[in-house]
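What follows is a single structure, written as structure tokens, with notes after it.
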């Protein structure tokens with residue numbers, strides 16, 4: 253009988269330990285004594301920076317109830333320290349999944365903010381990265397919770413995945429989505445602060461597909477006459493004369509949105525979509541060439557297929573409907 257009691261006591265102790273770990277986030281103070289950070293926003297402020305922490309409201313039963321803490325400083329690091337200093341508890345970053353930065357940040361500022369988040373948000377979670385324009389930044393911190401929820405919905409709808417690593421994937425170039433409502437925009441930025449921002453849905457979403465940040469198109473095109481929803485993937489094929497990028501669309505849904513649209517036939521809408529994508533592709537390639545960067549890794553693909561030292565090839569887009 254005493255052996256059974258020993259087993260029960262050991263099991264009870266183990267359950268108590270596991271419960272304690274759950275409450276403490278696997279180390280340290282219980283979560284109820286911590287401030288659970290869901291997102292960080294960095295905004296321009298009087299020649300310096302403002303940091304806004306979006307915190308889970310632990311006094312509410314609603315999962316979408318939040319509070320905020322703000323701080324200011326000459327740098328992002330000082331602004332964040334100021335925000336944290338005013339918290340009643342210790343910040344916990346284990347469930348943080350969003351970082352938002354000003355769209356007009358220069359390369360040095362972007363790098364500093366990303367490094368700060370990497371150093372601060374421990375244990376290291378998967379953090380999505382977005383840019384916002386000044387008009388949307390003006391809504392913060394009052395609407396930080398609404399913006400966080402809206403960006404989460406944007407990610408789900410458009411299958412967007414852009415993490416902090418985007419600043420290290422290619423030397424001297426970053427590709428980052430811009431949130432300003434739906435649909436999203438997209439920015440290419442170089443280390444010398446050359447910037448191209450795409451607000452047209454065809455350009456922005458094609459850029460995101462080519463960068464590997466989404467596998468979906470969900471947009472209007474043809475001056476708003478048509479809509480397209482489709483899964484998207486790319487395959488690059490090179491021959492001695494060109495690099496051909498095959499954009500393969502599947503589960504495609506096309507629609508004419510207005511009675512005055514030239515055609516509601518699927519074949520005609522498909523042709524209009526192909527034309528819009530090829531025109532957008534030409535603009536994206538021209539911008540990348542002018543910026544002297546390879547955000548879509550076309551040159552990397554050429555080297556893998558043709559070997560190093562091969563001269564740059566013309567790049568073409570072939571749209572296929574699976």
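In the numbering used here, the protein residues as written are 253 to 574.
The beta carbon of each residue, even a glycine, is placed where N, CA and C say it ideally should be.
Just so we're clear, the structure is a prediction, and the values are computed from it rather than from any experiment.
Under the assumption that residue 406 contacts residue 545 (Cβ atoms under 8 angstroms), give the Cβ distance between them as a whole number of angstroms.
Walking along the chain shown from the start, residue 406 turns up at place 154. Walking along the chain shown from the start, residue 545 turns up at place 293. That belief does not hold up - the Cβ atoms of residue 406 and residue 545 are roughly 25 angstroms apart, past 8 angstroms.
Starting from residue 312, follow its DSSP beta bridges and name the residues at the other end.
Working through the chain shown from its first residue, we reach residue 312 at position 60. None, per the DSSP bridge assignment.
Does residue 304 come out as helix, strand or coil in the three-state DSSP assignment?
As a position in the chain shown, residue 304 is number 52, starting the count at 1. Strand, per DSSP.
Suppose the cutoff is 7 angstroms on Cβ atoms and the five residues either side in sequence are ignored; what does the same chain contact list for residue 321 look like?
In the chain shown, residue 321 corresponds to position 69, counting from 1. Correct list, in chain order: 305, 307, 335, 338, 339.
In whole angstroms, give me the CA-to-CA distance for residue 479 and residue 428.
The sequence position of residue 479 within the chain shown is 227, counting from 1. The sequence position of residue 428 within the chain shown is 176, counting from 1. Rounded to whole angstroms, residue 479 to residue 428 spans 24 angstroms at the Cα level.
Between the stretch 408-420 and the stretch 377-394, can you find at least three pairs of beta-carbon atoms closer than 8 angstroms?
With the cut-off at 8 angstroms, the stretch 377-394 and the stretch 408-420 touch.
Pairing CB atoms from the stretch 391-408 with CB atoms from the stretch 439-446, are three or more of them under 8 angstroms?
The answer is no - the stretch 439-446 does not touch the stretch 391-408, with fewer than three Cβ pairs under 8 angstroms.
Here's the rule: buried if 16 or more other CB atoms are within 10 angstroms of the residue's CB, otherwise exposed. What is residue 505?
Within the chain shown, the letter at position 253 stands for residue 505. Exposed: under 16 other Cβ atoms inside 10 Å.
Can you tell me whether DSSP reads residue 494 as helix, strand or coil?
Numbered from 1 along the chain shown, position 242 holds the residue referred to as residue 494. Three-state DSSP puts residue 494 in coil, outside helix and strand.
If we call anything under 8 angstroms between Cβ atoms a contact, is residue 501 one with residue 552?
As a first step, residue 501 is located in the chain shown; it is residue number 249 there, counting from the start. As a first step, residue 552 is located in the chain shown; it is residue number 300 there, counting from the start. No. Outside cutoff.
Have a look at the DSSP bridge pairing and note the partners of residue 294.
Position 42 of the chain shown, counting from 1, holds the residue named residue 294. DSSP output for residue 294 lists 303 as bridge partner(s).
Please list, in chain order, all residues of the same chain as residue 291 whose beta carbon is under 6 angstroms from its beta carbon, the five residues on each side excluded.
Numbered from its first residue, the chain shown carries residue 291 at position 39. So the list reads 306, 350, 400, once near-sequence residues are dropped.
Kindly list the residues whose CB is nearer than 6 angstroms to the CB of residue 326, restricted to its own chain and excluding five residues on each side of it in sequence; keep chain order.
For the purposes of this step, residue 326 is taken as the residue at position 74 of the chain shown. Answer for residue 326: 300, listed in chain order.
Could you tell me the alpha carbon to alpha carbon distance between residue 488 and residue 496, rounded to whole angstroms?
In the chain shown, residue 488 corresponds to position 236, counting from 1. In the chain shown, residue 496 corresponds to position 244, counting from 1. Residue 488 and residue 496: Cα-Cα distance of roughly 6 angstroms.
So, using beta-carbon positions, are residue 468 and residue 410 closer together than 8 angstroms?
Translated into the one-based positions of the chain shown, residue 468 becomes position 216. Translated into the one-based positions of the chain shown, residue 410 becomes position 158. Yes.
Taking only the alpha-carbon atoms, compute the straight-line gap between residue 448 and residue 539 and give it to the nearest angstrom.
If you number the chain shown from 1, residue 448 lands on position 196. If you number the chain shown from 1, residue 539 lands on position 287. Spanning the two alpha carbons is a distance of roughly 7 angstroms.
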